Amino acid sequence: MDHRALPRLAAPAVAALLAVTTACTGGTVQGRPGASGLRDPYFPKAGNGGYQVEHYALDLDYDPTDGVLHGRAVITARAEQGLSSFNLDLSGLRVEDVSVDGEGARFNRTGNELTVRPSDDLKKGQVFRTEVGYSGRPKALTDADGSKEGWIAGEDGAVGVGEPVGSMTWFPGNHHPSDKASYDITITVPHGYEAVSNGELKSRTEVTGGRTRFAWHNPEPMASYLATAVVGPYKVTTGRTPSGVSLYNAVSPQEAAASERSLARQSEMLEWGSRRFGPYPFGTAGAVVLPAGTLDYALETQTKPVYPGAPEDEALVLHELSHQWFGNSVSPKTWKDMWLNEGFATYAEWLWDEDHGGPTAQAHFDALLTGDTDVDEAADSDWAAFPPADPPGPQDISASPVYQRGAMVLHRIRQEVGDEKFFAMVRGWAADHRHGNASTADFTAYAQEKTGHDLKKVWDVWLYGKDRPK
Ligand code: ARG
Ligand code: ZN
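Just so we're aligned, residue 380 is where the sequence shown starts under the working numbering, counting upward by one.
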């Protein structure tokens, strides 16, 4: 029965109904199934309804020689409604056991949905702990745009990346950016391998069978697509920024020499970002440089971006670090809001250039508008495609207009309101939504309110308008 229907009934009828409910359930609160998806405009089945996760404890064990992953996920969540059952997203793998608050729970699987039926219904507001044991050889997904995501096994190691929906290939969860949680990820690997994940390395312990167990702690809220786990024979270096953010770089040995120059600038980039955007939102930072050929894009995985080989272009490092503010701390409410990630990270590249003797943001903007490909690529095709806030489908959320035309929207705001108000707005946006979620509508309302300018024409023409402005 749907409790939301109750207020519409007269009081005596409510009392009678409640009496009946109590009679047939022996006094326990009756729940209903949680939704199997959050109806994201592009990934309707991503995430699940009826609860919010507070914490993931993932205990992973991976052997690169056979590619088998053993996992145990302990998911602490709060019920947002009475729940008779709820779903987790999981793709592939074999589920061995499921329990809720220590009691075995029934479960079944259809597609990427793992449905869990606790022995007792969960009450609205109740905090509950779901434990899932699973194993198998994870299978990466091919994205709508043809790229690979999820658990990707390489020649001598593996990487887990999740944007947008790949995390379900390596752990069960509420895989939608609107549900952020803290994480403890431990990874046990054969001796001689390193294992890297989000946040801070708490311990590195030799365990039985010649194996090493790495315990990583990520205390700040994180969207599950930003979780990562990396295994391989990496070369590790550590450091600290002048502001006290600890740095951890894990670099594939064959990429080490070529990575040195751009990774050495991370500290300076984080200090610069803190001045431009406000304090760096996390306690740790760093990089994972994968062996070339493992992955064909970089990803801003929280506190530890992964690079698909040596990031010889420092702009790429700057881009991924800027995502820590825009995307990771302020996360999109749905996958349609992707320009808030990519437009900001691209604009950050322009600002960095401007502040370091390169082309100004205005020069980047002009080049894209006129199609001068000496400064920026792909201008004409961007204009032929779609506006940044309206990618036609899931295959387009990481396409060039989301980045370039997204950055142009920000520059248009700056032109309208001037530098002082613009940078105050950007810092305010990062501060007000720190460790939260925001939508495009949240942004347009915020920008207008904070700057005191009517920006409707900017939105109509640059954010939602299909054609190249005159
Ligand atoms: N968000 C990543 C970045 O801009 C790019 C991810 C590309 N993913 C993809 N499926 N094409 O750094
Ligand atoms: Zn990006």
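For every residue, glycine included, the Cβ atom is placed at its ideal position computed from N, Cα and C.
Remember, predicted model here, so these are calculated numbers, not experimental data.
Item	Value
What residue range is occupied by the uninterrupted beta strand (DSSP E) comprising M618?	A small fix is needed here, since residue 618 is Gly in this sequence, not Met. Its beta strand (DSSP E) spans residues 614-619.
Please list the terminal residues of the continuous alpha helix (DSSP H) segment that includes K829.	819-830
Mapping DSSP to helix, strand and coil, what is D480?	coil
On the DSSP letters alone, give me the boundaries of the beta strand (DSSP E) that G533 sits inside.	527-533
Return the CA-CA distance between G405 and D499, expressed in angstroms with no decimal places.	Unreliable positioning characterises G405 in this predicted model, as indicated by a pLDDT of 45, which lies under 50. A coordinate reading is not provided.
In this structure, how does DSSP classify I564 when only helix, strand and coil are distinguished?	strand
Using 10 angstroms around the beta-carbon of T663, count the other beta-carbons present and answer buried if the total reaches 16, otherwise exposed.	buried
Starting from the N-terminal side, write out each stretch of the beta strand (DSSP E) that is 3 residues or longer and does not extend beyond the stretch 656-714.	663-668, 709-711
How would you write the range of the alpha helix (DSSP H) that H790 sits in, first residue to last?	779-796
Determine the burial state of R516: buried for a count of at least 16 other Cβ atoms within 10 Å of its Cβ, exposed for fewer.	exposed
Alpha carbon to alpha carbon, how far is F801 from G426? Give it in angstroms, no decimals.	34 Å
What three-state label does DSSP hand F507 in the structure shown?	strand
Return the CA-CA distance between I792 and P771, expressed in angstroms with no decimal places.	24 Å
Looking at E679 and ligand 2, is the gap between the Cβ and the nearest heavy atom below 7 Å?	yes
In the DSSP output, which residue or residues are listed as bridge partners for P517?	Looking at the DSSP assignment, P517 forms no beta bridge with any residue, so it has no partner.
Please specify which runs of the beta strand (DSSP E), each continuous and at least 3 residues long, are wholly inside the stretch 542-612, giving them in chain order.	560-569, 573-576, 579-586, 590-601, 608-611
Can you give me the Cβ contacts of A768 inside the same chain, cut-off strictly under 7 Å, excluding the 5 residues immediately before and after it?	W718, T819, L842, Y843
Thinking C-alpha only, which one of G672, W549, L501 is nearest E634?	G672
Look at the alpha carbon of G588 and the alpha carbon of H596, and state the distance between them as a whole number of angstroms.	24 Å
Please name the residue, chosen from A594, L467, R640, G536, that lies closest to G611 on a Cα-to-Cα basis.	G536
According to DSSP, simplified to helix, strand and coil, what is F422?	coil
If you drop the 5 nearest sequence neighbours on each side, which residues of the same chain put their C-beta closer than 7 Å to that of F422?	P543, V544, W714, P773
For the beta strand (DSSP E) containing Y441, list its first residue and its last residue.	430-442
Distance, Cα to Cα, V685 vs L448?	20 Å
Under DSSP, the alpha helix (DSSP H) around L747 begins and ends at which residues?	740-749
Shorter than 7 Å, the distance from the beta carbon of Y676 to the closest heavy atom of ligand 1, or not?	yes
Looking at ligand 1, does it come within less than 7 Å of H570, judged from the CB to the closest heavy atom?	no
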